[in-house]
Structure formats: structure tokens, C-alpha cells
């Protein structure tokens, strides 16, 4: 069973999950600090659906808002793209062991994980925040770059480090998330496509299939209309 709630860390989400079998994690522009079976791990930014494997177990995570995790982990997002790695690959092993012991001893691992993030968080980059907000509303990449005073190469370079991929891929993933929110709320698929910024319903269907690995109706457990 999956549950999530707003973190005390601005823009972040704390979540817990006890999967009953293989699961599907969709691209969302975010990175996560994970706790599972006594280990601290990092989930890098995904460019396609990530399929979870292994026997059922409890997972706890803190999902950073897009663009904020690389400063926390001390690694560019593109180095972690489509990867799950031990935190000890990024931080000193002794420090990770100490933190793992702290979380393991806590009455509530979710709260302990959140406290680790709060203690080490750095102020967000205002430019990256503006970029995410603009692309999330469907603003074109070129227009956004102009508004931010960035050239195309500079924007691409900064996006790779902050999000793990270029601004066009980020915009595509954020558009997918807009569409899924609309469709999950009961909006017909044709209206979802128009409101989320797709050319038509066929365009929405292709994007969902490529990024999520399933047709939209199957992903949501309902038929389109």
C-alpha cells in the first residue's frame, strides 16, 4: 500500500510503500532518498517507467522537488539518470553507516529520513524553480530560455546537471504528469490531451506508451472516451 504526505522540506514529499509485487514508477522529474531493508539508497531521475522487483518489503522515501536533489547528494543528476544506487557511492561510507543506524533505530523511519534531509538541505536555485514552474504550465522551452536570460546551450547544460536530462525532455515528462493528473480526475482522454498540451489524443497515447510503458487506459485501469 502506497501513502504520501507533504514534507517539512519545501516542495518535497515523504512516502511509504509496501508493494505486493512488481510495481511501476513513472518519470516525474524528481529524485528520491530511499530507505529499505537497513540501507539508504538514491533513485535518480527516470526517463522511462522503472519496474520494481524483488520480494515485498517496506520502502520509505523522500522525493525532492525537481532540480533540488543534486545539491543535496553532491552529484549531477545526469550521473544518476535511470539508476538506483547506494548512498555510500556518493557520500563517505562511515557517514552513511551512521545515518543508516540512526534511521534503523528510529521509531518512525519516515520522520528520521525527513530529518536527515532537513539537516542537509541547501536553498533552492531560484532560476531552476522558475524553469520548472514555466515548463510545468506548458510554457515553450525556447520562450522560457529567453525569459530566464539563458542561451540554448547554457539551459541544456544546467538542465542536465539539475534534472538529469535536457529541458525538452523535462517539459515532456512534466506534460505527462499534467495529463495523468487530469485523466485520474476523470477527464476524458481527448480533453486531457487538449488541456495538457498535446496535439491530439493520439499524441497523448504515444507519449504515455513510450514513457510509462503501458497504454493510458491500462495504466489508469479504465477506458478512455
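Numbering (this note's numbering), first residue to last: 1 to 225. Cβ coordinates follow ideal geometry from the N, Cα and C atoms, glycine included. From a predicted model like this one, the values you see are computed outputs, not experimental measurements.
Element boundaries [alpha helix (DSSP H), containing residue i]
{"i": "residue 87", "result": "That residue, residue 87, is in no alpha helix (DSSP H); it is neither H nor E in DSSP."}
{"i": "residue 214", "result": "No alpha helix (DSSP H) contains residue 214, which DSSP labels as neither H nor E."}
{"i": "residue 137", "result": "No alpha helix (DSSP H) holds residue 137; DSSP gives it neither H nor E."}
Anticipated Cβ contact below 8 Å, residue i with residue j, distance rounded
{"i": "residue 155", "j": "residue 140", "result": "So it is not a contact: roughly 12 Å between Cβ atoms."}
{"i": "residue 49", "j": "residue 13", "result": "At roughly 19 Å, the Cβ-Cβ gap does not stay under 8 Å, so residue 49 and residue 13 are not in contact."}
{"i": "residue 77", "j": "residue 88", "result": "Not a contact, Cβ separation roughly 19 Å."}
{"i": "residue 86", "j": "residue 39", "result": "7 Å"}
{"i": "residue 8", "j": "residue 41", "result": "Actually they are not in contact, since the Cβ atoms of residue 8 and residue 41 sit about 22 Å apart, beyond 8 Å."}
{"i": "residue 61", "j": "residue 33", "result": "7 Å"}
{"i": "residue 30", "j": "residue 64", "result": "6 Å"}
{"i": "residue 45", "j": "residue 165", "result": "7 Å"}
{"i": "residue 138", "j": "residue 175", "result": "7 Å"}
{"i": "residue 216", "j": "residue 204", "result": "7 Å"}
{"i": "residue 113", "j": "residue 5", "result": "Not a contact, Cβ separation roughly 13 Å."}
{"i": "residue 99", "j": "residue 116", "result": "6 Å"}
For residue i, the residue or residues it bridges with in DSSP
{"i": "residue 59", "result": "17, 36"}
{"i": "residue 51", "result": "24"}
Residue i CB to nearest heavy atom of the ligand ATP below 7 Å
{"i": "residue 17", "result": "The model on display carries no ligand, and the ligand ATP is accordingly not part of it."}
8 Å Cβ cutoff, residue i in contact with chain B
{"i": "residue 101", "result": "This model lacks chain B altogether; it includes just one protein chain."}
Worksheet item: If you scan the stretch 3-48 from start to end, which runs of the beta strand (DSSP E) of 3 or more residues do you find wholly inside it?
Response: Scanning the stretch 3-48 for uninterrupted beta strand (DSSP E) segments of 3 residues or longer gives 13-17, 32-36, 39-43, listed from N- to C-terminal end.
Discussion item. Which complete alpha helix (DSSP H) runs does the stretch 142-204 hold, if anything under 4 residues is left out?
Written reply: 152-163, 167-184, 189-196
Fill in: Inter-stretch contact at 8 Å, needing at least 3 Cβ pairs: the stretch 205-220 / the stretch 176-184
yes
Worksheet item: Fully enclosed by the stretch 56-130, which alpha helix (DSSP H) runs are 4 residues long or longer?
Response: Entirely contained in the stretch 56-130, the alpha helix (DSSP H) runs reaching 4 residues are, in chain order, 69-73, 93-105, 109-120.
Item to complete: Evaluate contact between the stretch 142-155 and the stretch 112-131, counting only Cβ atoms and requiring at least three cross-stretch pairs below 8 Å.
Response: yes
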